[in-house]
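>
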Amino acid sequence: MTQIGEFFCNRRVLVTGGGGLIGSAFVEQLLRVGARVRTVRHQRPTALGGSVEVIEGDLRDREACLAAMEGMECVVHAAGIGGGSKQVTLDAISMYTDSLLMNTQVLEAARLAGVQRYLFVSNSSVHAKSETPLREEDAWGETSRGEPENETGMVKRAGETQCRVYARFTDMRIAIMRAGNAYGPHDNFDLEASHVVPALIRKAVERQNPYMVWGSPAVVRDFIHTHDIARAGLLLLAGALPHVCYPINVATGLSVTVEELVGLVLRLAGHTNAVVQYDPSAPPASPAKRIDVSRMRAMGFQPQFTLEEGLRQTIEWFRKERCG
Amino acid sequence: MEFYAGKKTLVTGGAGFLASHVIEALRLRGARVRAVDARPKREEFPGEVEYVCADLMQRSACEQVLDSVDFVFHLAAVGWGLHENMKRQPQLLTDNLLMNTTLLDAANRAGVQRYLYTSSSAVYPAYLEHLEEDAPWDQPPHASELAFGWAKRMGEVQAKIYYRHYGMAIAIVRPSNPYGPRDNFDPDKSHVIPALIRRAVAQERPFVVWGTGRVVRSFIHASDVARGMLLALERYAVGEPINLASNETTSIADLVTLVLELSDYPDANLQFDTSKPDGHPRKVPSVQRAAEKLGMGSYIPLREGLKDTIDWYRKHSHRLQPARP
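Protein sequences, first through last, are from chains E and Z. Under my numbering, read the first sequence as residues 51 to 374, first letter to last. Under my numbering, read the second sequence as residues 70 to 394, first letter to last.
Below you can see the structure in the form of structure tokens.
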């Protein structure tokens with residue numbers, strides 16, 4: 051962390067989505083190394099307190115973005131309108147239109163405000179279905195395997211493209227990270243909108259029985275704790291950023307099945323007598339998503355959390371939150 | 070009953086070249102046309118068209134021009150000419166994205182009945198030779214059109230989502246190299262055909278053309294594009310893309326020879342500068358879907374269309390704006 055510490059100490063950094071799952075992990079680490087952090091809040095309370103500057107604004111709006119950028123040296127664009135696969139089906143329009151407007155306005159405002167460094171948080175949804183571990187170039191380059199599976203992937207591809215165009219034609223230095231399936235504190239634990247990890251945790255902590263799991267037990271994913279996503283992101287942002295900007299996968303490289311994940315969550319939450327039932331009404335998700343992390347390793351980065359430690363910590367966080 | 074009769078129809082990019090042909094076709098079919106553009110009005114449509122000057126990146130401007138509109142033909146695109154576009158890729162991408170996104174969302178909320186989104190053959194992956202509508206976007210657009218192509222792609226994705234989730238009737242058309250009367254002949258902004266015509270009429274000598282001339286392309290007359298657009302809105306507003314291209318292909322060398330002949334300048338000392346890049350060797354859009362879904366069978370032949378364009382240019386060249394220094 052010394053490299054990150056040196057670079058970000060006293061640096062003025064805007065984190066969009068600073069109250070969210072991924073953004074909050076960035077805020078926490080930036081504060082720890084002495085950065086001066088600002089975040090933008092819109093229609094939703096944020097638990098962030100203390101030394102974070104929280105301003106009000108709608109990032110789909112040019113003026114709000116410009117106001118948020120004022121005086122900032124670096125930007126971590128972690129805001130997104132997202133949700134679990136249930137949510138993707140229900141709310142594709144707002145997800146698409148609002149994300150597109152926001153990505154576009156935030157990036158352009160950063161350019162206009164003379165921001166020096168910019169990190170775009172993308173994810174593995176940019177990829178088409180694939181049997182083999184996803185390499186960075188599989189979404190774009192010679193080995194591309196087609197289109198993303200849904201609109202979230204399309205909007206992330208558009209966001210990456212915008213970043214690459216800006217990196218090539220402006221003075222702003224830009225990094226793109228593609229996170230695996232993120233989990234950790236500050237996640238959305240609302241069952242209607244949540245991703246698989248918070249949904250499983252909530253149901254386990256609340257002792258749901260029978261224990262309903264949305265989707266198939268055979269689905270394979272690479273789950274990474276947001277603490278590690280933020281560490282990798284800051285390392286990228288502090289590093290040498292050439293004009294040809296290239297996305298970097300940030301994941302554990304270790305994939306698990308939903309069935310294994312369920313077993314782990316139930317054990318860690320102490321809900322061992324649960325009768326597990328899989329809900330077949332869920333739309334089919336990509337059966338396996340494994341992520342190649344050789345570029346990330348070559349950068350000298352290793353995740354610190356094992357899945358077990360990460361889940362234990364997230365369960366504890368949720369228990370505390372729930373008790374208020 | 071005529072589909073367009075009495076329909077209040079908004080044409081964005083209304084001062085542009087393609088829009089002028091769309092407006093002409095709409096007027097012939099009895100539509101009431103409102104044209105919107107950030108540029109001044111064209112002189113071709115005095116009095117017959119309600120003209121509004123507005124910036125469609127602003128939500129409020131979109132809401133205003135959409136008032137009581139039945140149909141939308143969204144042709145507007147931000148651009149500053151080929152050279153300038155290359156230098157301003159970030160803004161090109163940003164402004165087009167913002168405009169497309171804002172206008173479609175506002176049109177949906179305003180309860181517009183039908184909407185046509187003008188995409189482009191620039192959405193196709195760079196390597197592709199035979200351009201079929203369902204070809205996946207597994208590779209980026211050509212590097213020279215990266216920003217423009219991506220802005221057009223995202224507009225298509227958005228159109229599909231609005232069709233699927235709101236049931237909004239949306240047509241998506243991908244014109245390929247339109248040309249014709251009222252095209253842009255400005256040396257900084259003109260595409261290949263108007264550029265060749267301008268230089269042939271000026272009897273440039275020697276007549277130097279970049280590349281080998283062997284590159285194959287398909288060019289479509291703007292009035293055929295306009296016809297295809299009107300048909301698409303009427304019959305194929307189903308959130309699926311459709312190529313608007315001619316069924317005739319030509320090499321650049323043949324195109325140049327034809328332009329020189331029709332401009333009465335056959336003895337030009339024609340030279341191909343092979344030290345200059347050629348671009349992709351072959352780009353041929355499929356016209357099958359347009360035939361099946363729109364009944365587009367015959368197209369204005371290139372020879373006839375070029376003649377028409379040259380005639381128009383000869384009549385109007387003295388009134389066109391001089392080249393900027």
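For each residue, glycine too, the CB sits at the ideal point set by N, CA and C.
Report the neighbours of M204 (chain E) on chain Z: residues whose CB is nearer than 7 Å to its CB, in chain order.
Translated into the one-based positions of the first sequence, residue 204 (chain E) becomes position 154. The answer, in chain order, is V226.
> Tell me whether H199 (chain Z) is buried or exposed, calling it buried when 16 or more other Cβ atoms sit within 10 Å of its Cβ.
Residue 199 (chain Z) sits at position 130 when you count from the first residue of the second sequence. Answer is exposed; the Cβ neighbour count stays below 16.
> Give the residues of chain Z in contact with V312 (chain E), contact being defined as C-beta atoms less than 9 Å apart.
For the purposes of this step, residue 312 (chain E) is taken as residue 262 along the first sequence, with counting starting at 1. In chain order: nothing, as chain Z lies at least about 32 Å away.
> Using a Cβ cut-off of 8 Å, which residues of the segment 159-170 of chain E contact any Cβ in chain C, in chain order?
Within the model displayed, chain C is absent; protein chains E and Z are what it includes.
> Would you decide whether T182 (chain E) is buried or exposed? Buried here means 16 or more other CB atoms lie within 10 Å of its CB.
By 1-based counting over the first sequence, the position of residue 182 (chain E) is 132. Exposed, since its Cβ has fewer than 16 Cβ neighbours within 10 Å.
> CA-CA distance, V263 (chain E) and A232 (chain E)?
Against the first sequence, residue 263 (chain E) aligns to sequence position 213. Against the first sequence, residue 232 (chain E) aligns to sequence position 182. Distance between the alpha carbons of V263 (chain E) and A232 (chain E) is about 18 Å.
> With a threshold of 8 Å between beta-carbons, can D336 (chain Z) be considered close to chain E, or not?
Working through the second sequence from its first residue, we reach residue 336 (chain Z) at position 267. Not an interface residue.
> Nearest chain E C-beta to P394 (chain Z) closer than 8 Å, yes or no?
To locate residue 394 (chain Z), count along the second sequence from 1; it is residue 325. Note on P394 (chain Z): pLDDT 42, under 50, position unreliable in the model; no value is reported.
> Which residues of the segment 163-182 of chain Z have a Cβ closer than 7 Å to any Cβ of chain E? Give them in chain order.
Of all residues in the segment 163-182 of chain Z, only T163, L166, L167, T170 and D174 place a beta-carbon less than 7 Å from a beta-carbon of chain E.
> Name the chain Z residues whose beta carbon is nearer than 8 Å to that of V176 (chain E)?
By 1-based counting over the first sequence, the position of residue 176 (chain E) is 126. Using a Cβ-Cβ cut-off of 8 Å, V176 (chain E) is close to nothing in chain Z; its nearest Cβ partner there is about 12 Å away.
> Compare the C-beta of Q272 (chain Z) with all C-beta atoms of chain E and state if any pair is closer than 8 Å.
Reading the second sequence from its first residue, position 203 is the one you call residue 272 (chain Z). False, the Cβ-Cβ gap to chain E never drops below 8 Å.
> Just to confirm the assignment: which complete alpha helix (DSSP H) runs, minimum length 4, are found wholly within the segment 96-165 of chain Z?
128-134 and 151-156
> For T66 (chain E), decide whether its Cβ has a neighbour in chain Z, counting only Cβ atoms nearer than 8 Å.
Working through the first sequence from its first residue, we reach residue 66 (chain E) at position 16. Closer than 8 Å: no.
> To which residues does DSSP link I26 (chain E) through a beta bridge?
Coverage of chain E is limited to positions 51 through 374, which leaves residue 26 (chain E) absent and any answer about it impossible.
> Enumerated in chain order, which unbroken segments of the alpha helix (DSSP H) with a length of 4 residues or greater are wholly contained in the segment 269-347 of chain Z?
If we require 4 residues or more, the alpha helix (DSSP H) runs fully inside the segment 269-347 of chain Z come out as 291-304 and 321-331.
> Grab me the residues of L140 (chain E)'s own chain with a C-beta within less than 7 Å of its C-beta, minus the 5 sequence neighbours each way, in chain order.
Residue 140 (chain E) sits at position 90 when you count from the first residue of the first sequence. Bear in mind that a pLDDT of 49 at L140 (chain E), under 50, signals an unreliable position, so the number given afterwards is only what the model happens to contain. Contacts found: none.
> Report back the beta-carbon spacing between T302 (chain E) and I274 (chain E) to the nearest angstrom; my notes put them in contact at under 8 Å.
Counting from one through the first sequence, the residue named residue 302 (chain E) turns up at place 252. Counting from one through the first sequence, the residue named residue 274 (chain E) turns up at place 224. So it is a contact: roughly 5 Å between Cβ atoms.
> If you run the structure through DSSP and keep just helix, strand and coil, what is T78 (chain Z)?
Within the second sequence, numbered from 1, the residue matching residue 78 (chain Z) stands at position 9. Three-state result, T78 (chain Z): strand.
> If you count every other CB in all the chains shown that lies within 10 Å of the CB of K384 (chain Z), and 16 or more means buried, which is it?
The residue labelled residue 384 (chain Z) in the question sits at position 315 within the second sequence. The C-beta of K384 (chain Z) has fewer than 16 other C-beta atoms within 10 Å across all chains shown, which makes the residue exposed.
> Tell me which residue opens and which closes the alpha helix (DSSP H) that A75 (chain E) is part of.
Translated into the one-based positions of the first sequence, residue 75 (chain E) becomes position 25. Unbroken alpha helix (DSSP H) run through A75 (chain E): L71 to R82.
> Please work out which residues of its chain come closer than 8 Å, Cβ to Cβ, to S137 (chain Z), disregarding the five sequence neighbours upstream and downstream, and give them in chain order.
For the purposes of this step, residue 137 (chain Z) is taken as residue 68 along the second sequence, with counting starting at 1. Taken in chain order, the residues that qualify are K77.
> Check the DSSP bridge columns for A238 (chain Z) and list the partner residues they point to.
Looking up residue 238 (chain Z) in the second sequence gives position 169. In DSSP, A238 (chain Z) forms a bridge with Z:R183.
> Exposed or buried, what is K156 (chain Z) when buried is set at 16 or more other beta-carbons lying within 10 Å of its beta-carbon?
As a working note, residue 156 (chain Z) is residue 87 in the second sequence. Within a 10 Å sphere around the beta-carbon of K156 (chain Z) sit fewer than 16 other beta-carbons, which makes this residue exposed.
> Can you give the Cα-Cα distance for C373 (chain E) and D342 (chain E), rounded to whole angstroms?
As a first step, residue 373 (chain E) is located in the first sequence; it is residue number 323 there, counting from the start. As a first step, residue 342 (chain E) is located in the first sequence; it is residue number 292 there, counting from the start. Each residue's Cα considered, the two are about 39 Å apart.
> By how many angstroms is the C-alpha of V328 (chain Z) removed from the C-alpha of A271 (chain Z)?
Walking along the second sequence from the start, residue 271 (chain Z) turns up at place 202. Walking along the second sequence from the start, residue 328 (chain Z) turns up at place 259. For the pair A271 (chain Z) and V328 (chain Z), the Cα-to-Cα distance works out to about 12 Å.
> Answer with buried or exposed for P333 (chain E), where buried requires no fewer than 16 other C-beta atoms within 10 angstroms of its C-beta.
Your numbering for residue 333 (chain E) matches position 283 in the first sequence. Under this definition P333 (chain E) is an exposed residue.
> Report the neighbours of M223 (chain Z) on chain E: residues whose CB is nearer than 7 Å to its CB, in chain order.
Locating residue 223 (chain Z) in the second sequence gives position 154, where the first residue counts as 1. Those are L150 and A208, listed as they occur along chain E.
> Please tell me whether E186 (chain E) has its Cβ less than 8 Å away from any Cβ of chain Z.
The count along the first sequence starts at 1 and reaches residue 186 (chain E) at position 136. Not an interface residue.
> Output the distance between the C-alpha atoms of Q227 (chain Z) and T170 (chain Z), rounded to the nearest integer angstrom.
As a first step, residue 227 (chain Z) is located in the second sequence; it is residue number 158 there, counting from the start. As a first step, residue 170 (chain Z) is located in the second sequence; it is residue number 101 there, counting from the start. Those two C-alpha atoms are separated by around 7 Å.
> If H143 (chain Z) and Y184 (chain Z) are in contact, beta carbons under 8 Å, what's the gap, nearest whole angstrom?
Position 74 of the second sequence, counted from the first residue, corresponds to residue 143 (chain Z). Position 115 of the second sequence, counted from the first residue, corresponds to residue 184 (chain Z). The pair is a contact, with the Cβ atoms about 7 Å apart (cut-off 8 Å).
> Pairing CB atoms from the segment 242-261 of chain Z with CB atoms from the segment 77-87 of chain Z, are three or more of them under 8 Å?
Contact between the segment 242-261 of chain Z and the segment 77-87 of chain Z is present, because at least three Cβ pairs lie under 8 Å.
> So, at 6 Å on beta carbons, what are the nonlocal neighbours of I262 (chain Z) in its own chain, with the 5 sequence-adjacent residues on each side left out?
As a working mapping, residue 262 (chain Z) is identified with position 193 in the second sequence. Answer for I262 (chain Z): Y248, listed in chain order.
> Run down chain Z in chain order and give the residues with a C-beta less than 7 Å from the C-beta of Y216 (chain E).
Taking the first sequence and counting its residues from 1, one reaches residue 216 (chain E) at position 166. Going along chain Z in sequence order, the residues near Y216 (chain E) (Cβ under 7 Å) are P159.
> Can you tell me which residues form a DSSP beta bridge with Y168 (chain E)?
Start at 1 with the first residue of the first sequence, and residue 168 (chain E) comes out as number 118. Beta-bridge pairing links Y168 (chain E) to E:V125 and E:I224.
> On a CA-only basis, which of E:V63, E:F239, E:A243 and E:V102 is nearest E120 (chain E)? Give me that one, please.
For the purposes of this step, residue 120 (chain E) is taken as residue 70 along the first sequence, with counting starting at 1. Checked all of E:V63, E:F239, E:A243 and E:V102; the closest Cα to E120 (chain E) is E:V63.
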